[in-house]
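Chains as they are written, first to last, in the numbering used here: chain S, 92 to 250; chain P, 92 to 250; chain U, 92 to 250; chain Z, 92 to 250; chain R, 92 to 250; chain G, 92 to 250. Where is the CB? At the ideal position from N, CA and C, for every residue including glycine.
There are 6 protein chains.
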Amino acid sequence: MADKLSHIDAAGNAVMVDISAKSDTARIAVAKGRVLMSAETARLIAEHGHKKGDVLGIAQLAGVMGAKKTPDLIPLCHPLPLTSVEVTLELATDTDAVDIVATCKTTGKTGVEMEALTAVSITALTVFDMCKAVDKSMRITDIRVVHKEGGKSGLFTAD
Amino acid sequence: MADKLSHIDAAGNAVMVDISAKSDTARIAVAKGRVLMSAETARLIAEHGHKKGDVLGIAQLAGVMGAKKTPDLIPLCHPLPLTSVEVTLELATDTDAVDIVATCKTTGKTGVEMEALTAVSITALTVFDMCKAVDKSMRITDIRVVHKEGGKSGLFTAD
Amino acid sequence: MADKLSHIDAAGNAVMVDISAKSDTARIAVAKGRVLMSAETARLIAEHGHKKGDVLGIAQLAGVMGAKKTPDLIPLCHPLPLTSVEVTLELATDTDAVDIVATCKTTGKTGVEMEALTAVSITALTVFDMCKAVDKSMRITDIRVVHKEGGKSGLFTAD
Amino acid sequence: MADKLSHIDAAGNAVMVDISAKSDTARIAVAKGRVLMSAETARLIAEHGHKKGDVLGIAQLAGVMGAKKTPDLIPLCHPLPLTSVEVTLELATDTDAVDIVATCKTTGKTGVEMEALTAVSITALTVFDMCKAVDKSMRITDIRVVHKEGGKSGLFTAD
Amino acid sequence: MADKLSHIDAAGNAVMVDISAKSDTARIAVAKGRVLMSAETARLIAEHGHKKGDVLGIAQLAGVMGAKKTPDLIPLCHPLPLTSVEVTLELATDTDAVDIVATCKTTGKTGVEMEALTAVSITALTVFDMCKAVDKSMRITDIRVVHKEGGKSGLFTAD
Amino acid sequence: MADKLSHIDAAGNAVMVDISAKSDTARIAVAKGRVLMSAETARLIAEHGHKKGDVLGIAQLAGVMGAKKTPDLIPLCHPLPLTSVEVTLELATDTDAVDIVATCKTTGKTGVEMEALTAVSITALTVFDMCKAVDKSMRITDIRVVHKEGGKSGLFTAD
Chain S
92 MADKLSHIDA
102 AGNAVMVDIS
112 AKSDTARIAV
122 AKGRVLMSAE
132 TARLIAEHGH
142 KKGDVLGIAQ
152 LAGVMGAKKT
162 PDLIPLCHPL
172 PLTSVEVTLE
182 LATDTDAVDI
192 VATCKTTGKT
202 GVEMEALTAV
212 SITALTVFDM
222 CKAVDKSMRI
232 TDIRVVHKEG
242 GKSGLFTAD
Chain P
92 MADKLSHIDA
102 AGNAVMVDIS
112 AKSDTARIAV
122 AKGRVLMSAE
132 TARLIAEHGH
142 KKGDVLGIAQ
152 LAGVMGAKKT
162 PDLIPLCHPL
172 PLTSVEVTLE
182 LATDTDAVDI
192 VATCKTTGKT
202 GVEMEALTAV
212 SITALTVFDM
222 CKAVDKSMRI
232 TDIRVVHKEG
242 GKSGLFTAD
Chain U
92 MADKLSHIDA
102 AGNAVMVDIS
112 AKSDTARIAV
122 AKGRVLMSAE
132 TARLIAEHGH
142 KKGDVLGIAQ
152 LAGVMGAKKT
162 PDLIPLCHPL
172 PLTSVEVTLE
182 LATDTDAVDI
192 VATCKTTGKT
202 GVEMEALTAV
212 SITALTVFDM
222 CKAVDKSMRI
232 TDIRVVHKEG
242 GKSGLFTAD
Chain Z
92 MADKLSHIDA
102 AGNAVMVDIS
112 AKSDTARIAV
122 AKGRVLMSAE
132 TARLIAEHGH
142 KKGDVLGIAQ
152 LAGVMGAKKT
162 PDLIPLCHPL
172 PLTSVEVTLE
182 LATDTDAVDI
192 VATCKTTGKT
202 GVEMEALTAV
212 SITALTVFDM
222 CKAVDKSMRI
232 TDIRVVHKEG
242 GKSGLFTAD
Chain R
92 MADKLSHIDA
102 AGNAVMVDIS
112 AKSDTARIAV
122 AKGRVLMSAE
132 TARLIAEHGH
142 KKGDVLGIAQ
152 LAGVMGAKKT
162 PDLIPLCHPL
172 PLTSVEVTLE
182 LATDTDAVDI
192 VATCKTTGKT
202 GVEMEALTAV
212 SITALTVFDM
222 CKAVDKSMRI
232 TDIRVVHKEG
242 GKSGLFTAD
Chain G
92 MADKLSHIDA
102 AGNAVMVDIS
112 AKSDTARIAV
122 AKGRVLMSAE
132 TARLIAEHGH
142 KKGDVLGIAQ
152 LAGVMGAKKT
162 PDLIPLCHPL
172 PLTSVEVTLE
182 LATDTDAVDI
192 VATCKTTGKT
202 GVEMEALTAV
212 SITALTVFDM
222 CKAVDKSMRI
232 TDIRVVHKEG
242 GKSGLFTAD
């Protein structure tokens, strides 16, 4: 494990880490997250879940688009050409939650964890936006990286 | 409480809710969130906390800028002229967490919860980005609205 | 009818027309357009039309988001706070076409025709994108303003 | 020809198609479109056509910039580094129309039809914006791909 | 004159200044700047100066569009609806320079100096971009505010 | 040295230069610039210079983010994946100026001077924004390229 923060140089300046000398390798990252809500809100989402215009479908698309905006949002992220973004949502009616999984891929000099995490975050925010008229007490939670491969740091998996 | 989702019309189309007939009133929303991390990561952030270029300062600025991008990120959010965005971060060394609070204000026809929640989310993602070289197991959690005032729906507070 | 182009001044400079002295009035604009396609493509869209993740639902959301980007895309358009964006798509199976209608509203100093036209255009492009693997000969056509009200120039309607 | 829509997976989720395994090849796409207008509007454009600040020059630049925004506008488009964008406009005074041609190139894993079509669309919208004070009945029409080469699907040409 | 920096609060946090309580007033700001170049470069610009597609016309349009991006670029700037943006360029052949003037207006709670300065900066950068193949030694210089009116701080003029 | 402007074709159209046939090489560009201010303003910046939330740290981050927006801002710039952006600021208390240096790198088909120049410009504008409440007479000056390497045109250095 590194013993210092990679984005701050010796003089205390924020830097976009210099990846010029790195080689292009295949990269994958998977992130997860969850929106907790009332039973009533979960029921409303479920009612719409198989029709067009459903909450989960709209949030899913927002997540895909959000992944592409990552370098615009996260100051020290490198711009990189995503080759795949996949976002899935599942309504867990037993726990009154929407579970979100985002998988991003690229062939490049740096990883795509931030892209996957951003996709999950924007997806979750969009679920919130669409349900907030009926439920202001929702909670976005447990956003984390569960899988990362490619590059020098190798494979990382978590739950 | 409303009994249906506001962003989907009778035909199943996603709609940006028509707020044309609403009057302009002062609006405030406060959102909170938290990034959980290892003790070691919290220690590294603390070491840099009073110097320029620190993690918290960079994440804070990203959050302010993120609030302004809300209508670009959340498909059915209305564009609105924010009159104030304030983001604060606090390192809770006892619990190894960074606590984030974002307050947004506008004078307009609709609320600014999504702006405050987006500010918190982008702030949290930026903390993650800056620390991920030392800690891939961080977790962004408990993003929620804690205060909302202005508009017809009146005051909402939570913890 | 004006006898000169409003966006070019006497010296030949492109200008964003000065609307500072105009008063804020309610504005509405409706634009329409159409994507022509093969019978086979229309059939594929129809098959997915009532499920989540359908072509028309995705294109519809893209159109709503596109409307918000108008001042970013059209050089001399004023930024303005849209209070409503509504996009509807209908698959006309008899003519193998997708018909698109976009309605935009604001209270402001200038009209929202460009926002409605941009919504229709981005919607149509998204239909094209999603079907181009099966049909490269689609054609986006008949994009025009059919209704405009508010402001000094008054009511305009067309078919 | 494919028998299904490429952007929707088996579960009905919208996906950015996974192009990770594709090789980088030279790609070209050409799209065309047209803006129909009154004889009077065509005359006004012609009068300005050889001076600086002309309608066609401004619309052309908007089209070039628009091509670069394609992945921001079309939800499931991949971001890719365009190596060339060329937009030309011609005023067809006999038919009172502006004819638009856009050519985009890249070396990448996917084609650039959407970039060329977006360039044509934004160019056409900008012509509309600059002339709408004198002519609200313009019509943007016949936007289509006329040439595509590179990649596995090979050469496509149309008129 | 204020005796402290307005964008940093007592705790050292960067803040978007809270303008919620300010009233909407008419605001104007004018900024100027200059691009110094070789005599040869100035001659090349002059040769194209009265034709379409000229350097100055393209840079002018980039400046107008740049003004609209100000809140996206300057972290603590408020988003505001510009009601007028005017950019003019003049080739000073005696001094081998391009002189740029940008005027921005709004009716709002805060001034538009940053919008005018951003317009000048993006205009200057675009002149540089278009001439850099023939002249890498250009210099962008003397960007400043020359006029500001509206709001509590009153009239400011400079040269 | 070229004898014509590269971004305008024979017919007077603005073009994004076709770089399709160029090979990918390592590219570096360094740009510099300066913000002149009153002695009092320089003193205020210095007072905050070693704390978090300082003017220079915020401006530095804005510059890094600005570099990534270059193709969005400069009409005929190619989009390219920056592999490094570094911005440093130094307060020259003897001359009451902030000196800015930006270094950009990529591996690509075209140079990154415009990215470095844009980083300097946005950094300078952000310094201006944060100090304008105390000093409206600041001046952004001497923005230029001081180093460029990579690509066919070879090494360029200046002061």
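Close Cβ partners of LEU167(S) (< 8 Å) along its chain, the five nearest in sequence each way excluded | For the purposes of this step, residue 167(S) is taken as residue 76 along the first sequence, with counting starting at 1. So the list reads HIS98, ALA105, VAL106, MET107 and VAL108, once near-sequence residues are dropped.
Alpha carbon to alpha carbon, what distance is there between ILE119(R) and VAL203(R)?
-> Stepping through the fifth sequence from its first residue, residue 203(R) is reached at position 112. Stepping through the fifth sequence from its first residue, residue 119(R) is reached at position 28. Taking the CA atoms as reference points, VAL203(R) sits about 7 Å from ILE119(R).
Can you tell me which of the three DSSP states ALA249(R) falls into?
-> The residue you call residue 249(R) lines up with position 158 of the fifth sequence. Look at ALA249(R) here: in three-state DSSP terms it is coil, with no helix or strand label.
Per DSSP, which residues does THR85(Z) bridge with? Please list them.
-> Because chain Z spans 92 through 250 in this model, residue 85(Z) falls outside it and cannot be assessed.
Starting from the beta carbon of VAL169(Z), find every residue of chain S whose beta carbon is closer than 8 Å, and list them in chain order.
-> The count along the fourth sequence starts at 1 and reaches residue 169(Z) at position 78. The residue asked about is misnamed: residue 169(Z) is His in this sequence, not Val. Listed along chain S are PRO172, LEU173 and THR174, each with a C-beta nearer than 8 Å to that of HIS169(Z).
For LEU152(U), which residues in chain S fall below 7 Å Cβ to Cβ?
-> Within the third sequence, residue 152(U) is the residue found at index 61, counting from 1. For LEU152(U), the residues of chain S that pass the 7 Å Cβ criterion are ILE149 and LEU152, in the order they occur in the chain.
Following the continuous alpha helix (DSSP H) through ASP57(P), name the residue where it begins and the one where it ends.
-> Lying before the first or after the last residue shown, residue 57(P) is absent from chain P, which here runs from 92 to 250.
Nearest residue (CA-CA) to LEU135(G), options THR232(G), LEU147(G) and GLY124(G) | One-based indexing of the sixth sequence puts residue 135(G) at position 44. Answer by Cα proximity: LEU147(G).
Interface residues of chain R around ALA105(U) at Cβ under 9 Å?
-> Counting from 1 along the third sequence, the entry for residue 105(U) is found at position 14. The answer, in chain order, is GLY148, GLN151, LEU152, VAL155 and VAL178.
Consider the Cβ of LYS113(G): report whether some Cβ of chain Z lies at a distance smaller than 9 Å.
-> The residue given as residue 113(G) occupies position 22 in the sixth sequence. Judged by the 9 Å Cβ criterion, LYS113(G) is in contact with chain Z.
Chain U contact for ALA117(R) (CB, 9 Å cutoff) | Within the fifth sequence, the letter at position 26 stands for residue 117(R). Output row for ALA117(R): interface = yes.
Chain-ordered chain U contacts of LYS227(Z) [CB-CB under 8 Å] = By 1-based counting over the fourth sequence, the position of residue 227(Z) is 136. Correct list: GLU204, VAL236, LYS239, PHE247 and ALA249.
Keeping to the same chain, check which residues put their C-beta closer than 6 Å to that of LYS113(R); ignore five residues upstream and five downstream.
-> Here residue 113(R) corresponds to residue number 22 of the fifth sequence, with the count starting at 1. For LYS113(R), same chain residues with a beta-carbon under 6 Å away, outside a window of 5 residues either side, are LYS200 in chain order.
Cβ-based contacts, 7 Å cut-off: residues of the stretch 125-141 of chain R near chain G | Residues passing the 7 Å Cβ filter: LEU135 and HIS139.
Considering only C-alpha positions, which residue in the set MET221(Z), LEU208(Z), GLU131(Z) and LEU180(Z) is nearest to THR217(U)?
-> The residue labelled residue 217(U) in the question sits at position 126 within the third sequence. Among MET221(Z), LEU208(Z), GLU131(Z) and LEU180(Z), the Cα nearest to that of THR217(U) belongs to LEU208(Z).
ALA249(Z) to ALA133(U), Cα distance in whole Å?
-> Indexing the fourth sequence from 1 puts residue 249(Z) at position 158. Indexing the third sequence from 1 puts residue 133(U) at position 42. In this structure, the straight-line span from the alpha carbon of ALA249(Z) to that of ALA133(U) is close to 20 Å.
State the Cα-Cα distance for the pair LEU171(S) and THR197(S), rounded to the nearest angstrom.
-> Looking up residue 171(S) in the first sequence gives position 80. Looking up residue 197(S) in the first sequence gives position 106. Here the alpha carbon of LEU171(S) sits roughly 8 Å from the alpha carbon of THR197(S).
In its own chain, which residues sit with a C-beta less than 8 Å from the C-beta of MET92(Z), not counting the 5 before and 5 after it?
-> Your numbering for residue 92(Z) matches position 1 in the fourth sequence. Summary for MET92(Z): the model assigns pLDDT 40, below 50, so the residue's position carries little reliability, and this model does not support an answer.
Using the Cα positions of LYS160(U) and GLU206(G), report the straight-line distance between them to the nearest angstrom.
-> The residue given as residue 160(U) occupies position 69 in the third sequence. The residue given as residue 206(G) occupies position 115 in the sixth sequence. Looking at the two C-alpha atoms, the distance is approximately 24 Å.
What residue from ASP220(P), GLU138(P) and ASP185(P) has the CA that sits closest to ILE231(P)'s CA?
-> As a first step, residue 231(P) is located in the second sequence; it is residue number 140 there, counting from the start. Nearest option by C-alpha distance: ASP220(P).
Tell me, which residues are paired with SER175(P) by DSSP?
-> In the second sequence, counting from the first residue as 1, residue 175(P) sits at position 84. For SER175(P), which the question treats as bridged, DSSP gives the partners LYS196(P).
Please work out which residues of its chain come closer than 7 Å, Cβ to Cβ, to HIS169(U), disregarding the five sequence neighbours upstream and downstream, and give them in chain order.
-> In the third sequence, residue 169(U) corresponds to position 78, counting from 1. MET107, ILE110, PRO162 and THR201.
Is DSSP giving HIS238(R) helix, strand or coil here?
-> Here residue 238(R) refers to the residue found at position 147 when the fifth sequence is read from its first residue. Three-state result, HIS238(R): strand.
Starting from the Cα of VAL225(U), find the closest Cα among SER244(Z), ASP190(Z), MET229(Z) and ALA215(Z) and give me that residue.
-> Translated into positions along the third sequence, residue 225(U) becomes position 134. Proximity to VAL225(U) across SER244(Z), ASP190(Z), MET229(Z) and ALA215(Z) peaks at SER244(Z), based on C-alpha coordinates.
LEU216(U) at chain Z interface by Cβ criterion, 9 Å = Position 125 of the third sequence holds residue 216(U). Among the residues facing chain Z, LEU216(U) is included, as its CB has a counterpart in that chain under 9 Å away.
Compute every distance between the C-beta of GLU240(Z) and the non-hydrogen atoms of the ligand NAD, then say whether any falls below 8 Å.
-> Inclusion of the ligand NAD in the displayed structure is not the case, the ligand content being empty and no account of it being possible.
Neighbourhood of VAL126(S) by C-beta, 8 Å cutoff - its chain only, sequence neighbours within 5 removed = Stepping through the first sequence from its first residue, residue 126(S) is reached at position 35. For VAL126(S), where only same-chain residues beyond five positions count, the Cβ hits under 8 Å are ALA188, VAL189, ILE191, ALA215, VAL218, PHE219, MET229, ARG230, ILE231 and THR232.
Please name the residue or residues paired with ARG118(R) in a DSSP beta bridge.
-> In the fifth sequence, residue 118(R) corresponds to position 27, counting from 1. Per DSSP, THR197(R).
Residues of chain G with a CB under 8 Å from the CB of ASP109(S): which are they?
-> Within the first sequence, residue 109(S) is the residue found at index 18, counting from 1. By Cβ distance, chain G contributes THR174, SER175, GLU177 and LYS196.
Per-residue burial, ALA193(U) [other beta carbons within 10 Å of its own, 16 or more giving buried] = Counted from its first residue, the third sequence places residue 193(U) at position 102. The C-beta of ALA193(U) has 16 or more other C-beta atoms within 10 Å across all chains shown, which makes the residue buried.
HIS139(U) lies in the alpha helix (DSSP H); which residues open and close that run?
-> By 1-based counting over the third sequence, the position of residue 139(U) is 48. Per DSSP, HIS139(U) belongs to the alpha helix (DSSP H) from 130-139.
Taking VAL211(R) and ALA122(R) to be in contact with their CB atoms under 8 Å, please state how far apart those CB atoms are, rounded to whole angstroms.
-> What you label residue 211(R) is simply residue 120 of the fifth sequence in a count that begins at 1. What you label residue 122(R) is simply residue 31 of the fifth sequence in a count that begins at 1. The pair is a contact, with the Cβ atoms about 5 Å apart (cut-off 8 Å).
Leaving out five residues on either side along the sequence, give the residues of the same chain with a beta carbon under 6 Å from the beta carbon of ASP145(P).
-> In the second sequence, the residue the question calls residue 145(P) occupies position 54. Once the five neighbours on either side are set aside, the close Cβ partners of ASP145(P) are HIS139.
Can the beta-carbon of ALA137(R) be found closer than 9 Å to that of THR186(R)?
-> Locating residue 137(R) in the fifth sequence gives position 46, where the first residue counts as 1. Locating residue 186(R) in the fifth sequence gives position 95, where the first residue counts as 1. Remark: C-beta atoms of ALA137(R) and THR186(R) do not approach each other more closely than 9 Å.
DSSP bridge partner residues for LYS190(S) (one or two, in chain order) = To locate residue 190(S), count along the first sequence from 1; it is residue 99. Here residue 190(S) is Asp; the residue named in the question, Lys, does not match the sequence. ASP190(S) is bridged by DSSP to ARG125(S) and GLU181(S).
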